[in-house]
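The block underneath contains the structure these notes are about, expressed in structure tokens.
Protein chains: 2
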Amino acid sequence: MDLIDLLLGRPLATEEEKAERIGPAKGIPIFGLDALSSAAYGPEAALTLLIPLGMAGVAYIVPISISIIFLLAIVYFSYRQTIMAYPQGGGSYTVASENLGVWPGLLAAASLMVDYVLTAAVGISAGVGALISAMPSLEKHTLALCLAILIVVTLVNLRGVSEAGAIFRVPTYLFIFCLLAMIALGVIKTLASGGHPVPVIAPPHLMGTAEALGIWLLLRAFASGCTAMTGVEAVSNGVMAFKEPASVTARLTLTVVIGILTVMLAGIAFLCRAYGVAATPPGQSGYQSVLSQLLVAITGKGIFYGVSIGSILVVLALSANTAFADFPRLARAIAQNGFLPHGLAIRGRRLVYTQGVYALALLAGTLLIVFGGVTDRLIPLYAVGAFMAFTLSQAGMVMHWKRVRGPGSSKSMFVNGLGALATGLTVIIVLIAKFTEGAWITLLLIPGLILMMRLVKRHFDYVAGETDNGAPLNIRDLTPPIVVITIDRWSRITQKALRFAMTISPDVLALHVDYDQESDTLASQWAQLVEEPARRAGLAGPRLVILKSPYRFVIRPILDYALDLEKNNPGRQIAVLTPELVEFRWYLNLLHNHRSAALKALLLFQGDRRIMVINIPWYLTDQDARP
Amino acid sequence: MDLIDLLLGRPLATEEEKAERIGPAKGIPIFGLDALSSAAYGPEAALTLLIPLGMAGVAYIVPISISIIFLLAIVYFSYRQTIMAYPQGGGSYTVASENLGVWPGLLAAASLMVDYVLTAAVGISAGVGALISAMPSLEKHTLALCLAILIVVTLVNLRGVSEAGAIFRVPTYLFIFCLLAMIALGVIKTLASGGHPVPVIAPPHLMGTAEALGIWLLLRAFASGCTAMTGVEAVSNGVMAFKEPASVTARLTLTVVIGILTVMLAGIAFLCRAYGVAATPPGQSGYQSVLSQLLVAITGKGIFYGVSIGSILVVLALSANTAFADFPRLARAIAQNGFLPHGLAIRGRRLVYTQGVYALALLAGTLLIVFGGVTDRLIPLYAVGAFMAFTLSQAGMVMHWKRVRGPGSSKSMFVNGLGALATGLTVIIVLIAKFTEGAWITLLLIPGLILMMRLVKRHFDYVAGETDNGAPLNIRDLTPPIVVITIDRWSRITQKALRFAMTISPDVLALHVDYDQESDTLASQWAQLVEEPARRAGLAGPRLVILKSPYRFVIRPILDYALDLEKNNPGRQIAVLTPELVEFRWYLNLLHNHRSAALKALLLFQGDRRIMVINIPWYLTDQDARP
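Chains as they are written, first to last, in this note's numbering: chain A, 1 to 627; chain B, 1001 to 1627.
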């Protein structure tokens, strides 16, 4: 247990939950990391689609970024309201199922699950990808690096929300500082030079292929840029993790995150146009990320460049952490409604929903292994999930305000309605623009998940219907069971089992399977050592039953006998008692047969409701042999 | 079960054992294959060592082969006597332990185990090696081919001795026919040409490096050639597998096997000299096996050549079968004396010692995997084991005849004594000649195995001492146990468990772990639905105990409570009763927690002798859900 304490920290009592709650300083690394890190790939994704336009295309990043920031603002105001209305945690799932009904709720749940699993996998593999483009010699270790990061993030999250926030604080704030400093410096230089700054190191010049600008190209660039908005929902889902007053703290955190993200998106767009930085074709030689180009253009290749690039790598890799903070909370909300196994709703030793963390690690790990650690093909999938969840959440809030009429509710309804409309439109744009790139997979995956959750719920409902009991205890007919003991030879183990059997019932049968045709000794010992003393004590001696086994089967005859006994004694309970030698060293178990375990499994599986199985452990007296 | 019937055949009753017994026709493929197949590599191994002498060395194969045949004759007469003296099966282990004592017996056992495991692995990899030298494109599948053959041989042996004999009959007799026909043809051609036959295709000529012939070289060539004698012990070990009168049938089989092997060894040596066939350096380009050279020299590259080479490949690969026939019998004899787990002495569905077959398959498979299917470096190891076993067996027989004085016992003693001396000398020669090539590993391995068997025996003796019981059943003090039920909520499952508990004891405690601070409902239900009706029936109502669990552990509080109960109630037995939902589809088990299984394991492991565990299964009524 000490190793576990060291790895995961001491157990936290349920009452310590308050102390685990976090303020904005830790809230940003936990719930904001996903949103903030997307500044590193959102603008780049939009610019990549503008490559065919040559240097002329760079100018379009400004209107595209303005549209995205506008959308972000709408979503921000909507979520502010959601947080206030749902201080218990208002994830899309909760809001949609409470206001729109079960099916929209499940649609939001499935969308978010897809989104979080992909966020975890894609975040880690993006970070490792960036690291490899800096150090190409690491390429052969791609998968190993991805899995190592996954394990670290999983362990940190198992240690609890507060510790995760503390651990991830340094890289997060370094990243924020570097990017904001770069933007400030770049803007000053641009203004000082009258809008035409001279880059320290000039970015590569794109060949101007004179392709005409079409609305279709702009829409696709916008759809790609929208990946910058994933992760915005995280805070609203995790309100309960914040210090009291939770809603206020959460809202403050959301404001800071969105504020920083807005500055980053706007600054990057402005500087790209000012310095003439375009995207370079990914996957080709000479590729350099947009942020890297901006950094060298503004500051040159010095220490600042190195620190900034390093913090970008780390933050990308750790953006998976937001998924780890939110997925377990989402899974818990779904499980509490019976759509996922109840274990997901149980808090582990550090007050996090341990099984949700495991589930996410398992799913993300599987994705990483299947794709060998290179998951960029999955990026189109997850913008769909995120925006679907946004839309349902906003739509749910509209219904919420319609129900909870009060001062200002019309205004709130308008804000959320606008959000629903904008994000709904975005879902459609992303779906169409990214359909052939893989968004269609989401269209199959999400209904599959919904179906699975419905089936889980149906099964739990069925089990509850079968086992729920409002009736009082039935006291009648408490006849002791018929006890069947399996016996190999007359030993102290047998005697212990027999004595236990005789304490719980007067009807005891000892079964011996005669597979090697040598049962005469046992029969005579039985008459002399068991039946004789029992008779003298005036008890009905336990009867010995010898089962012939011409095919040398041992388990089958016992099983058949017990099932026959059950059939021939309607209303009686049958207790099958298997004496077992307990060895304290695992390798010693290799020396013995494990028939009793097999018998137990088969009895429970094939028996009807009236067969019970009793384990009688036998320990060797040598206390040294105990661990 | 139908698939198993198809794969392994229907179960055989113990009484059908007689029908499974075999005559010489099946005995040769089963117990003679190892010995006969060694004609394909024994002479070659000797000739390989003579390569440095050039073509002049070829002549020495005749005296070397004569020495080997002489040794073979001695061993043959010794084993004839062993078979008659031990009609129950007189393997080296039995003979040595009965006549020389426990330690020599274990030495023989360990030597033979090493020998058999290596025979299985080396036989298969030699066959595959020969196949690959014919079809080099298969090389990348070496290991897969080896494992496939291992699986086939294992399955065939699991189907029983008789079937294995029937299946392996065709390739065995084809091999015997081809080799004998080649020898007959070659001898006729040689005699017809006055001792100087003209080869159809001339064998490659060796460069005559004028190295002087030394006694050391001759001894090493002899030691290598002795691998031709491994497998001779097999028949004497398997006497019980033969038709009655078993000794006579076994002796007849041995005579036929040794007769054929003698003709083969003599014929190959004679023809090598007559045709001037030397070994070619193995592992180099231009390598061709001695038998292949002989075949083309005598018959040319026609159909006969193809069929013969094919049968040699198959017989080499199947020579592993002899190990599969004998190892389980050996392991059974050792297990019956308590030096190996008893399971090895139990006959499976087809009357073979199934666990011995599995053990051999596992060990040989491990060797093949570790060495990637190329095991020729292991060959020196196994001649040591085989000759060590020969020696101990003969020495044991000397002591046997000394004890069982009778007509002809002095003559028998002389024959076995001569055998012991000859094989003992051979062990020393092989050990010295092959020491640096790996025979030293055997010198470490065999004592290791002996130590392991001693420790197994000591543990079994200890367990027997702890559990053996000659005393009659103790009838006093049959107080019913204190029954502890673990309860989550008041359900039909709980009610069933509670009713069972009340039938076996008046002392029933219901434990509820309050990990989510919501136990008030249960407490009030308990008072109303359980205690109230019990009181009305005049029974001491089962008491509800609520265990607080601030750290949300569920198993630990129950475990601690049960262990405390055990400590505070000396002399009382504690029965912990865990209600369990039985799901009939494996994936449905993913939906539930498995605390009861964990609790059971911990209770049995940490409890003392007085804690029992009772499983109360609960089945859903839906009969469609059953398999």
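Ideal placement from N, C-alpha and C gives every residue a C-beta, glycine not left out.
For residue i, three-class secondary structure by DSSP
i                   : result
Glu-580 of chain A  : strand
Leu-547 of chain A  : strand
Gln-1623 of chain B : Unreliable placement is indicated for Gln-1623 of chain B, whose pLDDT of 40 sits below 50; the coordinate value is still reported in the next sentence. Here Gln-1623 of chain B sits in helix by DSSP.
Pro-1617 of chain B : strand
Ser-1111 of chain B : helix
Ala-575 of chain A  : strand
Val-1277 of chain B : coil
Val-463 of chain A  : helix
Leu-340 of chain A  : coil
Met-1612 of chain B : strand
Leu-7 of chain A    : helix
Ala-1553 of chain B : Note that residue 1553 of chain B is Phe in the sequence shown here, rather than Ala. Reduced to three states, the DSSP call for Phe-1553 of chain B is coil.
Ile-1051 of chain B : helix
Val-1307 of chain B : helix
Cα-Cα separation between residue i and residue j, rounded to whole angstroms
i                   : j                   : result
Ala-278 of chain A  : Gln-288 of chain A  : 10 Å
Ser-133 of chain A  : Ala-19 of chain A   : 41 Å
Asp-1005 of chain B : Leu-1351 of chain B : 14 Å
Ala-46 of chain A   : Gly-89 of chain A   : 33 Å
Gly-419 of chain A  : Ile-298 of chain A  : 36 Å
Ile-1064 of chain B : Leu-1071 of chain B : 11 Å
Asp-1624 of chain B : Phe-1500 of chain B : At Asp-1624 of chain B, the pLDDT of 39 sits below 50, so the modelled position is not reliable and the matter cannot be decided from this model.
Gly-1276 of chain B : Met-1182 of chain B : 16 Å
Leu-421 of chain A  : Lys-243 of chain A  : 33 Å
Arg-1332 of chain B : Val-582 of chain A  : 25 Å
Val-651 of chain A  : Ile-151 of chain A  : The requested residue 651 of chain A is not part of the displayed model; chain A covers only 1 to 627.
His-1400 of chain B : Arg-1251 of chain B : 19 Å
Thr-1426 of chain B : Phe-1387 of chain B : 7 Å
Leu-498 of chain A  : Leu-511 of chain A  : 11 Å
Asn-568 of chain A  : Leu-1008 of chain B : 34 Å
Contact set between residue i and chain A, taken where Cβ atoms lie within less than 9 Å
i                   : result
Leu-1529 of chain B : Asn-469, Gly-470, Ala-471, Pro-472, Leu-473
Arg-1159 of chain B : Ordered by position in chain A, no residue passes the 9 Å Cβ test against Arg-1159 of chain B, which lies about 15 Å from the chain.
Thr-1479 of chain B : Thr-503
Nearest-angstrom Cβ-Cβ length linking residue i and residue j, presumed shorter than 8 Å
i                   : j                   : result
Leu-1603 of chain B : Ala-1562 of chain B : 6 Å
Asp-1326 of chain B : Asn-1237 of chain B : 5 Å
Gly-32 of chain A   : Val-314 of chain A  : That belief does not hold up - the Cβ atoms of Gly-32 of chain A and Val-314 of chain A are roughly 15 Å apart, past 8 Å.
Ile-1030 of chain B : Val-1161 of chain B : 6 Å
Ala-1223 of chain B : Val-1430 of chain B : 5 Å
Ala-121 of chain A  : Leu-378 of chain A  : 7 Å
Gly-1424 of chain B : Thr-1391 of chain B : 4 Å
Glu-1044 of chain B : Val-1263 of chain B : At roughly 17 Å, the Cβ-Cβ gap does not stay under 8 Å, so Glu-1044 of chain B and Val-1263 of chain B are not in contact.
Gly-1165 of chain B : Lys-1026 of chain B : 3 Å
Val-75 of chain A   : Gly-385 of chain A  : Not really, about 15 Å apart at Cβ, beyond 8 Å.
Contacts that residue i makes with chain A (C-beta to C-beta distance below 7 Å)
i                   : result
Trp-1490 of chain B : Asn-469
Ile-1004 of chain B : Under the 7 Å cutoff, chain A gives no residues; its nearest Cβ is about 12 Å from Ile-1004 of chain B.
CB contact below 8 Å: residue i versus chain E
i                   : result
Ser-1596 of chain B : Among the chains of the structure shown, chain E does not appear; the protein chains present are A and B.
Residue i: contacting residues in chain B (beta-carbon distance under 8 Å)
i                  : result
Met-612 of chain A : Phe-1500, Ile-1614, Asn-1615, Ile-1616, Pro-1617
Phe-339 of chain A : Ordered by position in chain B, no residue passes the 8 Å Cβ test against Phe-339 of chain A, which lies about 11 Å from the chain.
Listed by chain order, chain B residues near residue i by CB distance under 9 Å
i                  : result
Glu-566 of chain A : Per Cβ cutoff of 9 Å: no residues; Glu-566 of chain A is ~12 Å from chain B at best.
Leu-573 of chain A : Note that residue 573 of chain A corresponds to Gln in the displayed sequence, not to Leu. Ordered by position in chain B, the residues that pass the 9 Å Cβ test against Gln-573 of chain A are Arg-1499, Phe-1500, Thr-1503.
Neighbouring residues, chain A, relative to residue i (Cβ below 8 Å)
i                   : result
Tyr-1551 of chain B : Pro-11, Leu-12, Ala-13, Thr-14, Arg-349
Within the chosen definition, does the stretch 458 to 475 of chain A reach the stretch 1533 to 1540 of chain B through at least 3 CB pairs nearer than 8 Å? yes
How about the stretch 142 to 152 of chain A and the stretch 353 to 369 of chain A: do they share at least three Cβ pairs that are nearer than 8 Å? yes
With a threshold of 8 Å, are at least 3 pairs of Cβ atoms found where one atom belongs to the stretch 489 to 508 of chain A and the other to the stretch 582 to 599 of chain A? no
Counting Cβ pairs closer than 8 Å, one from the stretch 1324 to 1339 of chain B and one from the stretch 572 to 587 of chain A, do we hit at least three? no
Spell out a yes or no on whether the stretch 308 to 322 of chain A and the stretch 109 to 128 of chain A are touching, meaning 3 or more CB-CB pairs, one atom from each, closer than 8 Å. yes
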